[in-house]
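Presented below is the structure to which this report refers.
Number of protein chains: 2
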Amino acid sequence: MDVRGHLDLLLLATLQRLGEAHGYALIAELRSSSDGVFDLAEGTVYPALHRLERGGAVTSVTDRTAARPRRIYRLTGAGQTLLADRRTQWQVFAEGMRKIIGTVPARPAGPANPAVTW
Amino acid sequence: MDVRGHLDLLLLATLQRLGEAHGYALIAELRSSSDGVFDLAEGTVYPALHRLERGGAVTSVTDRTAARPRRIYRLTGAGQTLLADRRTQWQVFAEGMRKIIGTVPARPAGPANPAVTW
DNA sequence: GCTCAACACCTAGGAACCCTAGGCATAGGA
DNA sequence: TCCTATGCCTAGGGTTCCTAGGTGTTGAGC
Numbered sequence: 075m076d077v078r079g080h081l082d083l084l085l086l087a088t089l090q091r092l093g094e095a096h097g098y099a100l101i102a103e104l105r106s107s108s109d110g111v112f113d114l115a116e117g118t119v120y121p122a123l124h125r126l127e128r129g130g131a132v133t134s135v136t137d138r139t140a141a142r143p144r145r146i147y148r149l150t151g152a153g154q155t156l157l158a159d160r161r162t163q164w165q166v167f168a169e170g171m172r173k174i175i176g177t178v179p180a181r182p183a184g185p186a187n188p189a190v191t192w
Numbered sequence: 075m076d077v078r079g080h081l082d083l084l085l086l087a088t089l090q091r092l093g094e095a096h097g098y099a100l101i102a103e104l105r106s107s108s109d110g111v112f113d114l115a116e117g118t119v120y121p122a123l124h125r126l127e128r129g130g131a132v133t134s135v136t137d138r139t140a141a142r143p144r145r146i147y148r149l150t151g152a153g154q155t156l157l158a159d160r161r162t163q164w165q166v167f168a169e170g171m172r173k174i175i176g177t178v179p180a181r182p183a184g185p186a187n188p189a190v191t192w
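Protein sequence lines correspond, in order, to chains A and B. Everything in the first sequence is counted per the working numbering, starting at 75 for the first residue and increasing by one. Everything in the second sequence is counted per the working numbering, starting at 75 for the first residue and increasing by one.
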């Protein structure tokens, strides 16, 4: 599933819920919490975390006590603010979408429509 | 509002609802129907329509009877299929987002949402 | 002992997409 | 006359994400 434009929100929200996490754990958490909808590639997540850290939304420390060195991320104050902002943006966006396409959010998983690819 | 990744769905859904429309009208309709959330630049919409037409999802005819020549778009059969597919994708996506960030887009009390046919 | 999956991190490069920033032209109201 | 609204268009760039690799360790199963 393409997460274009909403990756930061997903990562920030998950980080907030977990308190702290390393990249690999974030990927696993997003996959399981979304029931497989968000199965993000490492090449998607790691650069995004670096970007967020450059932007000051998260900080990281290296945990060398683990079996393998891990980079543990957590939200900063600015990250909390950014998250709140992104959350609001998402809600406005989703509500706008609802108005245009008039869909009901929840729906039992059914067979996917045949993919149309060009 | 950034529509990254969902522009096609917005355009196709609006075209389906209107039956047919020219680009400028689509922009106006998206702005008003979304209560100002989606205020798209022409430089966003026209190239997207061209892309959709190249892909076979819409066709256009030039209306020369209007005050100014307009390009009238309408959905093709493939466009209907694409729209249904994108709609499903959106619902899966929005439901995934709900699971991660834990919010449901607020819906005003009122008539049930229009039935969505698959 | 060997192999393979899972864990855990990383980057380069490209493709897609959208937005900015213009341009062109006509009609009508201030 | 000037400005706004209508109506179309494209070039170019920036952001973002994904593909496709790479590195190395640990542990389970054969």
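All C-beta atoms in this analysis are idealised placements derived from N, C-alpha and C, irrespective of residue type, glycine included.
Test: residue 170 (chain A) CB closer than 8 Å to a CB of chain B: yes
Closer than 8 Å to chain A by CB, residue 134 (chain B): no
Helix, strand or coil at residue 159 (chain B) according to DSSP, with G and I counted as helix: helix
Backbone secondary structure at residue 115 (chain A) - three-state DSSP: coil
Extent of the continuous beta strand (DSSP E) to which residue 137 (chain A) belongs: 132-137
Contact list for the region 96-117 of chain A against chain B, Cβ threshold 8 Å: 104, 107, 108, 109, 111 and 112
Proximity of residue 126 (chain A) and residue 174 (chain B) at Cβ, strictly below 8 Å: no
Cβ neighbours of residue 94 (chain B) in the same chain (closer than 6 Å, five flanking residues each side left out): 146 and 148
Span of the alpha helix (DSSP H), counted from its first residue to its last, around residue 78 (chain A): Element bounds for residue 78 (chain A): n/a, residue is neither H nor E.
Residue interval of the beta strand (DSSP E) (run including residue 105 (chain B)): Per DSSP, residue 105 (chain B) belongs to no beta strand (DSSP E); it is in the alpha helix (DSSP H), 97-107.
Cutoff 8 Å; reference residue 116 (chain A); Cβ partners in own chain excluding five residues on either side: 97, 98 and 101
Bridge partners - residue 146 (chain A), DSSP secondary structure assignment: A:96 and A:135
Collapsed DSSP secondary structure at residue 153 (chain A) in the structure displayed: helix
Near-chain B residues of the region 122-151 of chain A - C-beta to any C-beta below 7 Å: none
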